[in-house]
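Before any comments, here is the structure.
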Amino acid sequence: MTYDASTRQVRVRAPGKVNLSLAVGALAPDGYHPLATVFQAVSLYEDLTARPSDTFELTVAGPFAEGVPTDETNLALRAARLLAGHVGIEEGVRLHLNKGVPVAGGMAGGSADAAAALLACDALWQTALSREALAELAAQLGSDVPFALLGHTAIGTGRGHLLTPAMTRGEYHWVFALRAKGLATPAVYRTFDRLSGSTAEAEPQADLELMQALRAGDPAALGAVLRNDLEPAAIELAPELTETLAVAHDAGALGAIVSGSGPTVAALARGAKHALVIAAGLTAAGVADEVLCAVGPVAGARVLQTVRLGGDFEPGPLSPVDRA
Ligand code: ATP
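Structural data, given as structure tokens:
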């Protein structure tokens, strides 16, 4: 199938995430861990542009470009190929990624790239897939990819890919303490298996107190119930995280946890000014290689701009979520 190539460029933005709660069940026979997690999309972004091309190509720039594979294993390229195969597109795409989410940091940057590529290629090739169809392709690429499409705050069950949007109020101010040396998610899960032995639940449940705190828009209540079952495993692999967490608590964070599989530490602040105080404390103590402030929840992957032949610039169409 060929497509109307009048669309010359599409620019898409997709967010990173933090897990407010990550309850991990015992390893199931299918090789996956059942999860009950609460994702929140935060304002660290991947910006991806897609242009027509005969081949599938990717270039990467931005603060976290280092360490991102640009070969076939890159999740953005895998997403583009998956969509092309699904709809029968024979051309390729040239992708350029500006990477604003840390690599292997537990913030699902690769998943955001995959979601961005699905949406960008959907717009470039005018495939107009439904939200459900895109989410299905997203789930084939990785457990966190459907959430990067959806954004905001959502409960994830199954492998984290079965999503229910959560009702939340207010804006939450986060400080992220980054480590240059990432943690490989499979290694963290293997360590979790060893540490949890037979104590991991078969069917983990979402935390009702946490959902109540989000509904009330109460950051202090949220901070008190942040939970990550992978934290002990991440700390075993990167013991320096104990000190990072302690410094965040000492700086008055409402709560501090390892984000996802780590090693990023996420500290919840009372507001924007307090976030700067915590960031300064973490920086001064030398317990992070870089410190970033962000807010959540924010929207999922969305088209920012579509450029058509003749140089017409159009505001981007609504994301599939807003379209629904
Ligand atoms: P998660 O929180 O979903 O476990 P993460 O944030 O810890 O993920 P990512 O940055 O998403 O980790 O990616 C982890 C690994 O995946 C990288 O070390 C890299 O080898 C590979 N990878 C493939 N595609 C990408 C991509 N587009 N961006 C970053 N890493 C990618």
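Using this note's numbering, the letters of the sequence shown correspond one by one to residues 4 to 327. Ideal placement from N, C-alpha and C gives every residue a C-beta, glycine not left out.
- Assignment of alpha helix (DSSP H) within the region 216-279, counting only whole runs of 4 or more residues, yields 222-228, 234-240, 244-253 in chain order.
- For Pro149, the enclosing alpha helix (DSSP H) starts and ends at 148-153.
- By a beta-carbon distance limit of 8 Å, Gln43 contacts Val21. Their separation comes to about 5 Å.
- Between Arg97 and Ser46, the C-beta gap is not smaller than 7 Å, which leaves the two residues out of contact.
- Residue pairing by DSSP places Tyr192 opposite no residue, since no beta bridge is assigned to it.
- Annotation for Gly70: no alpha helix (DSSP H) segment contains it, and DSSP assigns it neither H nor E.
- Rounded to the nearest whole angstrom, the C-alpha separation of Ala131 and Ala302 is 20 Å.
- With fewer than 16 other beta carbons inside 10 angstroms of its own, Thr58 counts as exposed.
- Partner residues in the beta bridge of Asp50, as assigned by DSSP, are Arg16, Asn101.
- Secondary structure note for His89: its alpha helix (DSSP H) is the uninterrupted segment 78-90.
- Cβ atoms of Leu144 and Ala205 stay farther apart than 8 Å, at about 27 Å.
- The beta carbons of Leu122 and Ala275 sit no closer together than 7 Å.
- Excluding five sequence positions before and after Trp177, the CB atoms of its chain that fall closer than 8 Å to its own CB belong to Val21, Val45, Ala269, Ala270, Leu271, Ala272, Ala278, Cys296, Ala297, Val298, Gly299, given in chain order.
- Annotation: Asp232 to Gly313 spans about 53 Å, alpha carbon to alpha carbon.
- Taking non-hydrogen atoms of the ligand ATP into account, the C-beta of Met170 is found less than 6 Å away from none of them.
- Using a Cβ distance threshold of 7 Å, Leu181 and Glu94 do not count as a contacting pair.
- Between the beta-carbon of Val63 and that of Leu30 there is about 33 Å, and that puts the pair past the 8 Å contact cut.
- For Val178, the pairing in a beta bridge is given by DSSP as Ala270, Cys296.
- The Cβ neighbour count for Lys184, taken over all protein chains shown within 10 Å, is under 16; the residue is labelled exposed.
- For Gly113, the enclosing alpha helix (DSSP H) stretches over residues 112-127.
- Put simply, the backbone Cα of Ala291 is about 9 Å away from that of Phe179.
- Remark: C-beta atoms of Thr167 and Leu217 do not approach each other more closely than 7 Å.
- In terms of Cβ geometry, Arg11 and Val310 form a close pair [threshold 7 Å].
- Close CB contacts of Ala39 within its chain, under the 6 Å cut and outside five residues either way in sequence, are with Ala26, Thr160, Pro207, Gln208, Ala209 (chain order).
- The three-state secondary structure of Gly284, taken from DSSP, is helix.
- For the pair of segments examined, the region 211-225 was found not to touch the region 191-202: the number of CB pairs separated by less than 8 Å stays below three.
- By the neighbour-count definition (other C-beta atoms within 10 Å, threshold 16), Gly70 is an exposed residue.
- About 7 Å separates the beta carbons of Ala17 and Tyr48, which is inside the 8 Å limit, making them a contact pair.
- Under the criterion of beta carbons closer than 8 Å, Gly109 and Thr247 do not qualify as touching, at roughly 13 Å.
- In the three-state reduction of the DSSP assignment, Glu139 falls in the helix class, which pools H, G and I.
- A distance below 7 Å separates the beta carbons of Leu140 and Leu85.
- The three-state reading of DSSP puts Leu38 in strand, counting E and B together.
- Not one heavy atom of the ligand ATP is found less than 6 Å from the C-beta of Met214.
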